[in-house]
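Chemist: Going by the working numbering, the sequence shown opens with residue 295, and the numbers climb by one from there.
What follows is a structure written as structure tokens; I'll ask about it next.
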Amino acid sequence: MDAPSRFVLAVGGFLGLLMVVFAPGWFGGADEGTHVMRSLAMAHGEVFPSRVDGALLSTVPAVQSESIGAVIRYAATHDAPNGGSLLGSLLDTQPSWDDTVTFDTGATMASSPIAYAPSALFMAVPSALGAPTIVTLWFGRLGDLVVYLALVLLALRLASGFRWAIAITALFPMNLAMAASVSPDAVTIGALLLVLAVWTRVWRLTDPATVQVRPDRRALVQLGALVGSAGLLLALAKPPYFAVLAAFPALLLVRRRDVRVRVAALAASLALACGVLASLFSTSNDYRSAGAGMFAELRFQPDVQTQRILDAPLSFVGRCVSRWFEAVPDSVQRWTRQLGFWRSSLPGVLAWVILAVFVIAAITLDADDLLRLRRFSRSIFAVGTAAIVLALMASSYVYFDDTVDGVHMTEQIARYSLPLFAMAVMGWAPRWPLRGRMLTLAHTERGRSTMIGLVAVSTTICVFAVLVEWWWPGVAGPFTGY
């Protein structure tokens with residue numbers, strides 16, 4: 295196992311397990327309470343929610359729903375969101391499938407059952423045995439974390455470039471927190487990094503500057519299967535991240551004579567089409583944001599919001615750019631301090647320092663790849679990253695907003711955009727520092743070890759800071775949501 299893989303397994307495994315066990319029950323990630331109910335119903339054989347009086351409902355043990363209320367009441371009446379008495383009461387619960395209630399899981403329809411499969415599989419046995427609600431939750435979180443780390447390790451094994459950028463993206467505090475909770479984001483982020491890794495493989499294999507050997511039919515089939523399977527997993531996870539698959543056919547503009555590029559482009563295009571179809575199925579009028587509904591009563595009017603975009607598309611793009619830069623300061627804080635529903639008490643300036651550490655580390659450790667990725671290949675990710683961010687903001691405007699100016703469309707942009715960190719490094723990271731001492735630093739063992747150590751320490755600080763927030767009386771701030 296190479297250095298990036300060992301790094302992800304050690305740091306991600308240790309810190310991820312801490313968050314699996316010690317994060318507040320059902321509030322370790324965005325809308326975790328709703329996602330748990332979907333996974334729990336799947337573990338009992340209910341793959342899709344049932345439509346009842348226009349709502350999409352999942353059937354779960356009544357005690358599961360009551361446990362969420364117990365956690366909320368505890369957080370509202372105590373000095374910390376977690377505590378020994380709360381944990382003890384949750385361990386005493388005895389859920390039964392003979393006493394059930396329905397829970398609105400319509401918001402989970404943005405993702406296919408594939409994204410919920412890891413947590414559902416890991417929850418199946420404890421749920422069937424009537425294990426305490428918190429234990430079943432821990433197993434669900436563990437399932438997502440295991441699959442997430444497995445996908446990242448596979449991505450690092452397949453990648454032919456930007457391996458450290460992929461590893462750092464996987465260990466970014468907010469991404470790791472989402473992976474250690476019951477959420478479709480674990481599969482989504484892992485699949486996104488896997489697709490990105492496969493793209494770097496195709497990019498390096500077809501580099502005109504290297505000696506090219508004509509591939510045989512078996513190699514082409516394997517390549518198509520690799521691109522197609524990784525792309526299909528991403529397409530069925532959570533929209534609109536599957537749009538990154540367009541990076542494969544984009545290579546045709548400069549390397550169309552290489553049969554491997556054509557095969558990869560075809561496989562990616564088929565997966566991309568599946569993603570579009572899945573999105574058309576999921577983003578219906580039944581899809582609502584459970585998280586936004588916890589803090590504000592928004593009028594759900596996707597038709598009206600869509601028409602507003604179509605009436606003035608250029609104005610909307612300009613509004614998105616403006617809103618993005620307005621949201622950056624808060625997003626930086628969320629990326630490092632918002633691990634769950636409570637924000638840690640780390641100094642705000644430290645969040646900026648940690649972000650700088652991650653960016654500098656990615657540039658330094660992947661210096662050779664960043665210098666090699668030039669011209670059109672680099673512009674694929676410069677433009678592609680911006681396009682996906684725009685798509686994320688547009689979908690938020692349509693489904694999570696009811697204003698003309700898009701007042702609410704950046705409320706979730708921090709966690710939506712962070713999985714694109716590796717892509718942003720590839721497309722946006724400056725290369726001028728690599729012309730000086732930083733390039734020399736990148737080629738020294740001491741320099742690389744320093745960068746790796748800084749990333750590990752930074753991530754650890756973020757996780758332990760929020761652990762204190764969760765458990766130490768009097769430290770936790772207000773219940774902020776995600």
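We put the beta carbon where it would ideally sit given N, CA and C, even for glycine.
Quick one: which unbroken beta strand (DSSP E) runs of 3-plus residues sit fully inside the segment 467–495? Chain order, please.
Modeler: Whole beta strand (DSSP E) segments, 3+ residues: zero.
Chemist: V762 to G437, Cα distance in whole Å?
Modeler: C-alpha separation (whole angstroms): 25 Å.
Chemist: Under 8 Å: do the segment 614–621 and the segment 697–711 share three or more Cβ pairs, one atom per stretch?
Modeler: With a cut-off of 8 Å, the segment 697–711 and the segment 614–621 count as touching, because enough Cβ pairs lie within range.
Chemist: Have a look at T679 and I460 and give me their C-alpha separation to the nearest angstrom.
Modeler: About 15 Å.
Chemist: Taking the alpha carbon of I290 as the point to measure from, which residue in P534, Y691 and A645 has its own alpha carbon closest?
Modeler: Not covered by the structure: residue 290. The range shown for the chain is 295 to 776.
Chemist: CA-CA distance, L714 and I746?
Modeler: Roughly 20 Å separates the two Cα atoms.
Chemist: Touching or not, the segment 376–395 and the segment 424–432, by the rule of three or more beta carbon pairs under 8 Å?
Modeler: Verdict: yes, contact present.
Chemist: Quick check: L273 and V302, are their CB atoms within less than 9 Å of each other?
Modeler: No answer is possible for residue 273: it lies beyond the span of the chain, which begins at 295 and ends at 776.
Chemist: Smallest Cα separation from Q601: which of S689, L439 and V341?
Modeler: If we check each option's Cα against that of Q601, S689 comes out closest.
Chemist: Under 6 Å Cβ to Cβ from S711, same chain only, skipping five residues before and after it: list those, please.
Modeler: Correct list, in chain order: V683.
Chemist: Could you check where the alpha helix (DSSP H) with V622 kicks off and where it finishes?
Modeler: Its alpha helix (DSSP H) spans residues P607 to R631.
Chemist: Would you grab the beta carbon distance between G721 and R672 for me? Rounded to a whole angstrom, and I think it's under 8 Å.
Modeler: At roughly 6 Å, the Cβ-Cβ gap stays under 8 Å, so G721 and R672 are in contact.
Chemist: Might you give, ordered along the chain, the residues of its own chain that have their beta carbon closer than 7 Å to the beta carbon of A418, omitting 5 neighbours on each side?
Modeler: These residues qualify, in order along the chain: A337.
Chemist: Among the residues of its own chain, which have a CB less than 6 Å from the CB of L380, if the five just before and after it don't count?
Modeler: Here the set comprises Y368.
Chemist: Compute the Euclidean distance between the alpha carbons of S390 and G424, then round it to the nearest angstrom.
Modeler: Spanning the two alpha carbons is a distance of roughly 6 Å.
Chemist: Does the beta carbon of S563 sit closer than 9 Å to a beta carbon anywhere in chain C?
Modeler: Considering every chain present, this structure includes no chain C. It has just one protein chain.
Chemist: Leaving out five residues on either side along the sequence, give the residues of the same chain with a beta carbon under 6 Å from the beta carbon of R628.
Modeler: Answer for R628: A708, listed in chain order.
Chemist: Hey, would you say L546 sits closer than 9 Å to R556, going by beta carbons?
Modeler: Yes, Cβ-Cβ distance for L546 and R556 is below 9 Å.
Chemist: Quick one: what's got a C-beta closer than 7 Å to W766's C-beta in the same chain, skipping five residues either side?
Modeler: Closer than 7 Å at the Cβ level, and outside the excluded window around W766, lie A374.
Chemist: Give the C-beta separation of A480 and A491 to the nearest angstrom, bearing in mind that I take them to be a contact with Cβ-Cβ under 8 Å.
Modeler: About 17 Å separates the two Cβ atoms, so there is no contact after all.
Chemist: Figure out for me which residue from T399, N376, M331 and L334 has the closest Cα to the Cα of G348.
Modeler: Comparing Cα positions, the closest option is T399.
Chemist: Rounded to a whole number of angstroms, what is the C-alpha to C-alpha distance between L539 and A558?
Modeler: One C-alpha to the other measures close to 10 Å.
Chemist: For the alpha helix (DSSP H) holding S359, just list the boundary residues, first then last.
Modeler: S359 -> alpha helix (DSSP H) spans A356 to T371.
Chemist: In this structure, does DSSP put G587 in helix, strand or coil?
Modeler: Its pLDDT being 47, under 50, G587 is placed unreliably in this model, and the coordinates cannot settle the point.
Chemist: How is the beta strand (DSSP E) around R345 delimited, first residue to last?
Modeler: Note, R345: beta strand (DSSP E), S344 to V346.
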